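Inspection log for the structure reproduced underneath, given as C-alpha cells.
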Amino acid sequence: MSRDSPGRRPRADSLRNRDRLLTAARKAFLSLGDEASLEAIARDAGVGIGTLYRHFPSRESLVAAVYEGELETVTAPGLVDEMVAREGSAAQALRSWMNQYAAFVATKHGMSDALRAGMASGDVQAGRTRQLVNGIVGGFLAAGAADGSLRADLAADVVTTALVGVLWSLGRTDPDQQPEQVRQLLDLIVSGLRTAPPH
Numbered sequence: 001m002s003r004d005s006p007g008r009r010p011r012a013d014s015l016r017n018r019d020r021l022l023t024a025a026r027k028a029f030l031s032l033g034d035e036a037s038l039e040a041i042a043r044d045a046g047v048g049i050g051t052l053y054r055h056f057p058s059r060e061s062l063v064a065a066v067y068e069g070e071l072e073t074v075t076a077p078g079l080v081d082e083m084v085a086r087e088g089s090a091a092q093a094l095r096s097w098m099n100q101y102a103a104f105v106a107t108k109h110g111m112s113d114a115l116r117a118g119m120a121s122g123d124v125q126a127g128r129t130r131q132l133v134n135g136i137v138g139g140f141l142a143a144g145a146a147d148g149s150l151r152a153d154l155a156a157d158v159v160t161t162a163l164v165g166v167l168w169s170l171g172r173t174d175p176d177q178q179p180e181q182v183r184q185l186l187d188l189i190v191s192g193l194r195t196a197p198p199h
C-alpha cells in the first residue's frame with residue numbers, strides 16, 4: 001500500500017508511479033527471477049528507490065502486490081462470460097484464458113523465493129489462489145456444458161491440477177515468447193476437454 005496521507009485519496013502521480021513500479025517489477029521478476037533488485041526495478045520505473053519504499057515498504061509487499069495484480073487478471077469477476085462472448089465458445093475461451101494463466105504462472109516462477117517469504121509473513125495468501133482459479137475453470141466448464149463445446153464429466157480441480165502440473169513443470173518462461181511446447185501442451189489439455197464430435 002502507498003503511504004499517502006490517511007483518509008485522503010492518492011494523487012494521480014502517486015498512482016502512476018505505483019503502476020509503473022508494478023509493471024517494472026513484473027518484467028524484472030519474469031526475466032531475472034528472485035535476483036531482480038529493487039534498485040533496478042525503481043530505475044526501470046523511472047522513480048527513485050525512496051518512492052518504491054513509500055509504496056512498498058519491503059520486497060515481500062512488492063511481491064504480494066504483483067502477485068495480487070496478476071491473480072486479479074486471471075480470476076476477475078465476469079471474466080468467463082466476457083471471454084465466452086468474445087471467443088464464440090467456451091472451449092475457445094478456455095484456451096485463450098490458459099494463455100493468461102500461463103503468464104501468471106511464469107510470474108510466480110520468477111518470484112518463487114520471495115513468494116515463500118511473503119506466505120510466511122502473511123503478505124501473500126496462497127490458500128485462496130487455488131479456490132479462485134477453480135472457480136474460473138468451473139465457470140468455463142459450466143459454460144462449455146451449456147454450449148456443448150466442453151465435457152461435463154470433469155471437476156474443475158481435475159482440470160486445474162493438469163494445467164498447474166504442465167505449466168509448473170516447464171519452469172519459468174517468458175509468456176511473450178511462449179515456446180511451442182507450451183502451446184502444444186495447452187492445446188492438448190483443451191483437446192481432451194472438448195466433447196467428442198457426433199459419429
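Residues 1 to 199 in the UniProt record's numbering are what the sequence shown lists, from first letter to last.
In this text, a Cβ means the ideal position worked out from N, Cα and C, and glycines have one as well.
These numbers come from a predicted model, not from an experiment.
Less than 8 Å between C-beta atoms, sequence neighbours within five positions excluded: which residues of the same chain meet that for residue i?
i: M98; result: L163, L186, I189 and V190
With a CB to CB cut of under 6 Å and the five nearest residues on each side skipped, what residues in its chain are close to residue i?
i: T160; result: V133, N134 and V137
i: V47; result: N17
i: R194; result: A91
i: T75; result: L132 and I136
Give the DSSP bridge partners of residue i, in chain order.
i: L150; result: R194
Exposed or buried, residue i, counting other C-beta atoms within 10 Å across all chains shown (16 or more means buried)?
i: S149; result: buried
i: G139; result: buried
i: A102; result: buried
i: G88; result: exposed
i: R26; result: buried
i: R95; result: buried
i: R11; result: exposed
i: A65; result: buried
i: G165; result: exposed
i: A85; result: exposed
Compare the C-alpha of residue i against each of the options and name the closest.
i: L79; options: V105, A143, L115 and L170; result: A143
i: S112; options: L21, A146 and R59; result: R59
i: E68; options: A24, G33, M83 and F104; result: F104
i: S14; options: L52, L32 and S31; result: L52
i: S169; options: D153, A155 and K108; result: K108
i: L22; options: V63, P57, D34 and S31; result: V63
i: A106; options: R86, A145, L30 and A156; result: L30
i: L115; options: E180, A28 and D34; result: D34
Once you ignore the five residues that flank residue i on each side, which residues in its own chain have a CB closer than 7 Å to its CB?
i: I49; result: L38, E39 and A42
i: Q100; result: T73 and V74
Report, in whole angstroms, the separation of the C-beta atoms of residue i and residue j, which I expect to be a contact under 8 Å.
i: T129; j: L71; result: 6 Å
i: R20; j: A45; result: 4 Å
Report whether the distance from the Cβ of residue i to the nearest heavy atom of the ligand GTP is below 7 Å.
i: P179; result: Questions concerning the ligand GTP fall outside what the structure shown contains, since it holds no ligand whatsoever.
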